[in-house]
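Asks:
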Amino acid sequence: MNWLSWSWSFGRFRGVDFRFHFSILFSIPAAYYLFRPLNIMDVVVALLWVIGFISCIFLHELGHTLAARLVGVEVKSIVIWLLGGFTNLSRRSEKPAYNLVISAAGPLVNFFLAFLFVLFYIVVSVLFMPFIKNVQIFLWAQMLVNLSFSLTLVNLILAVFNLFPIYPLDGGNITHSIMEIFFGRTNADLITLIIGIPVLVALFLFGVFTRDYLLLVSCVLIGFAMTTLNRSALRWINLKINYFYRRAGYYYMLEDFERAVQIYTRDIEREPRQVNHYLARSACYLNMLQKERALADVERALNLAPAHAIALELRGEIYALDKDYDSALDHFARAQAVNPNWAVPYFDRGSVLLEKKEFLPALSELNKGSSLQPAYTLIYIIRSMIYFRLGNLDSAHKDQDTALGLSEKDALVMSEPNLQIYESYLDWAEDYYARVLLTRPNSGYAYQGRADAYRVNNEYDKAIADYTRAIAINPREARLYLGRGKSYSALNQMDKAREDFQTILTVTDKLHLKRQVEELLKNIHHIMVVE
């Protein structure tokens, strides 16, 4: 699927890379189909139309770029493709009014270009053409007039189409920004979807009725992009894409890390110098808490690419797991230097500084991370812990609510490597999950998250009670039995622990969980034999 991203640079100005996507090559046969040139003049007309069409798209994206720079948002690149363009911003502005300005700038440029082409049409056809005596010059002037009329329509179509309130079109972004101003980001996502879906369906039906296949293709692509406003829909699409084109990624998304490792291992055997294979396998090992194997893969990756941001980031995370915080902070800083617009190093630095009780520096890192990636759920969770420690409960609760609005599961349940976050923050966890359960009394995720917090802080009886409540809601979640079984083991209730571990073997087919449980059962058997 890498060929879908093929593009080449045609210029760079003040840090902004201008690129053509390979699909722009199809504009040439499209122009031939539209104009069917029979002579040199027809060829010139078709060529000028293609140049004008691409230039209008480029100027539309340049409008977004200039507006973004005006409000302090860095632009990394502009990509021009057959059906339009894309301005690659380093981040969304935290101020929805600024996002509105950025989104509105592109259509305004097209309206202005349409005005200029109309002006050219009037000036040439009224002030010059009546006085031209030479037939050839008159024909060329007529060609320019017709071309200006055509490009006027192009700009009006670009402006009007982009103003439809469908995300991610400019109109959808404008709608989202306005809704965010009045109702907040999470509600803005939902409202934008509610407004945009009927309009997109209507456009699709119009395309079917008129047999406009270009419009139909555009609607399908827009529909896929619209799913980014809904995490469940986006996850479903990503799962399907990964299943067919990147099976290891599919297993990783399902948290079936052992199967993902098997595929990445085959990839490494086939391409031993491909850094990303080692990093992907290392991430799997980390999620299975196999630090030594994860470290070995990260070291191999760093030997191949010493300045690779993800490799530096993963090495820092392993240092953090070992509580070597200074080395972790150093590696996260190096990752930031390589890719200053990536939110993850800011999140990890904030998390480590939280562990070190350096709350204000941690807050600064997390604020930067949230500005780069506003939909990063865990940033708001960690930041709420800082606000809680600083006594700012209103801000702590606001961040918790924002995280819940983004993803209930990600906001309430930590992954295995992140469970250490709960250490020494049980008071925050009790406040947080109690608030959640007041409004979501049947949230299995809330009981699971609080149970994990209790277990990490050695409150095993309370952990068992919450795991039991969560199991009643979601009886096929293996991690619940694993957590409860470990809590029973800590209380030396081996029969109950063994029963939970054996249940895991029947409710999951994830290989790494089964292997972990088999080891735990062997340990229990050994303990009971000794006793």
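Under this note's numbering, read the sequence shown as residues 1306 to 1836, first letter to last.
Each residue gets a CB set at the ideal place from its N, CA and C atoms; glycine is no exception.
Mind checking which residues open and close the alpha helix (DSSP H) that includes Val1428?
Replies: Element bounds for Val1428: n/a, residue is neither H nor E.
Asks: Compare the C-alpha of Phe1693 against each of Asn1581, Lys1661 and Ala1734 and name the closest.
Replies: Checked all of Asn1581, Lys1661 and Ala1734; the closest Cα to Phe1693 is Ala1734.
Asks: Nearest to Ile1383 by CA position, among Ile1687, Leu1683, Val1321 and Leu1498, is which residue?
Replies: With distances taken between Cα atoms, Ile1383 lies closest to Val1321.
Asks: Using only CA atoms, which one of Leu1352, Gly1710 and Leu1665 lies nearest to Leu1683?
Replies: Considering only alpha carbons, the answer is Gly1710.
Asks: Hey, how far is the Cα of Phe1707 from the Cα of Arg1784?
Replies: Phe is not the amino acid found at residue 1707; the sequence shown has Thr there. Looking at the two C-alpha atoms, the distance is approximately 25 Å.
Asks: On the DSSP bridge assignment, give the partners of His1702 in chain order.
Replies: Per DSSP, none; premise fails for His1702.
Asks: Can you tell me which of Leu1510, Ser1656, Val1459 and Tyr1765 puts its alpha carbon nearest to the alpha carbon of Ile1359?
Replies: It is Val1459.
Asks: Out of Val1414, Glu1576 and Arg1639, which one is the CA nearest neighbour of Asn1475?
Replies: Asn is not the amino acid found at residue 1475; the sequence shown has Asp there. Comparing Cα-Cα distances from Asp1475 to each of Val1414, Glu1576 and Arg1639, the minimum goes to Val1414.
Asks: Taking only the alpha-carbon atoms, compute the straight-line gap between Lys1819 and Ala1606 and give it to the nearest angstrom.
Replies: Between Lys1819 and Ala1606, the C-alpha separation is close to 29 Å.
Asks: Between the C-alpha atoms of Lys1288 and Val1428, what's the straight-line distance to the nearest angstrom?
Replies: The requested residue 1288 does not occur in the structure, where the chain is confined to residues 1306 to 1836.
Asks: What whole-angstrom Cβ distance do Gln1753 and Ala1775 have, given they're in contact under 8 Å?
Replies: Yes, Gln1753 and Ala1775 are in contact; Cβ-Cβ is about 4 Å, under 8 Å.
Asks: Using 8 Å as the threshold, is the C-beta distance between Tyr1472 and Val1450 below it?
Replies: It is not a contact, given that the beta carbons lie outside the stated cut-off.
Asks: Rank Gly1390, Glu1597 and Arg1396 by C-alpha distance to the C-alpha of Val1380 and give the top, closest one.
Replies: When each option's Cα is compared against that of Val1380, the closest is Arg1396.
Asks: Can you tell me whether Asp1631 is buried or exposed? The criterion is at least 16 other CB atoms within 10 Å of its CB, across all chains shown.
Replies: Under this definition Asp1631 is an exposed residue.
Asks: Would you say Ala1625 and Asp1653 are within 8 Å of each other, going by their C-beta atoms?
Replies: The answer is yes: Cβ separation under 8 Å.
Asks: What did DSSP end up calling Val1376 once you bin it into helix, strand or coil?
Replies: Coil, per DSSP.
Asks: According to the Cβ coordinates, are Glu1670 and Tyr1651 closer than 8 Å?
Replies: Going by C-beta atoms, Glu1670 is nearer than 8 Å to Tyr1651.
Asks: Roughly how many angstroms lie between the CA atoms of Glu1782 and Thr1813, to the nearest whole one?
Replies: For Glu1782 and Thr1813, the distance between alpha carbons rounds to 8 Å.
Asks: Among residues of its own chain, excluding the 5 on either side of Lys1673, which ones have a beta-carbon nearer than 7 Å to its beta-carbon?
Replies: The residues are Tyr1651.
Asks: Who are the near neighbours of Gly1528 in its chain, counting only those whose CB is closer than 7 Å to its CB and skipping five residues on each side?
Replies: The answer, listed in chain order, is Leu1505.
Asks: Across which residues does DSSP place Arg1317 in a beta bridge pair?
Replies: Answer is Asp1322, bridged to Arg1317.
Asks: Which residues in the same chain have their Cβ closer than 6 Å to the Cβ of Tyr1569, if we skip the five residues on either side of it in sequence?
Replies: Result list for Tyr1569: Ala1553, His1582, Ala1585 and Arg1586, in chain order.
Asks: Tell me the DSSP secondary structure of Trp1647 in three-state form.
Replies: Three-state result, Trp1647: coil.
Asks: Mind reading off the beta-carbon distance from Pro1412 to Ala1493? Whole number of angstroms is fine, and I expect it under 8 Å.
Replies: Pro1412 to Ala1493, Cβ: 20 Å. No contact.
Asks: In angstroms with no decimal places, state the Cα-to-Cα distance between Phe1318 and Ser1792.
Replies: Cα-Cα distance, rounded: 59 Å.
Asks: Output the distance between the C-alpha atoms of Leu1873 and Ile1462, rounded to the nearest integer angstrom.
Replies: The first residue shown for the chain is 1306 and the last is 1836, placing residue 1873 beyond what the model contains.
Asks: Verify whether the separation of the beta carbon atoms of Phe1664 and Ile1687 is less than 8 Å.
Replies: No. Outside cutoff.
Asks: Work out the CA separation of Gln1821 and Tyr1550 for me, nearest whole Å.
Replies: Spanning the two alpha carbons is a distance of roughly 29 Å.
Asks: Measuring alpha carbon to alpha carbon, tell me which of His1636, Asp1715, Leu1698 and Ala1667 ends up nearest Tyr1681.
Replies: Ranking the options by Cα distance to Tyr1681, first place goes to Asp1715.
Asks: At 4 residues or longer, and completely inside the stretch 1398-1474: list those alpha helix (DSSP H) runs for me, N to C.
Replies: Taking only runs of at least 4 residues, the alpha helix (DSSP H) segments lying wholly in the stretch 1398-1474 are 1401-1427 and 1440-1467.
Asks: Do you know offhand how far Leu1352's Cα is from Gln1678's?
Replies: Cα to Cα, the separation comes out at about 41 Å.
Asks: Across which residues does DSSP place Ser1382 in a beta bridge pair?
Replies: Beta-bridge pairing links Ser1382 to Asp1322 and Asn1393.
Asks: Drop a sphere of 10 angstroms on the beta-carbon of Asn1763, count the other beta-carbons inside from all chains shown, and report buried for 16 or more, exposed for fewer.
Replies: Exposed.
Asks: Hey, which unbroken runs of the alpha helix (DSSP H) at 4 residues or more fall wholly within the stretch 1779-1818?
Replies: Qualifying alpha helix (DSSP H) stretches, in chain order: 1783-1795 and 1799-1812.
Asks: For Leu1816 and Phe1562, what's the separation of their Cα atoms in angstroms?
Replies: One C-alpha to the other measures close to 8 Å.
Asks: What are the start and end residues of each continuous alpha helix (DSSP H) run of 4 or more residues lying completely inside the stretch 1727-1770, in chain order?
Replies: Entirely contained in the stretch 1727-1770, the alpha helix (DSSP H) runs reaching 4 residues are, in chain order, 1731-1744 and 1749-1761.
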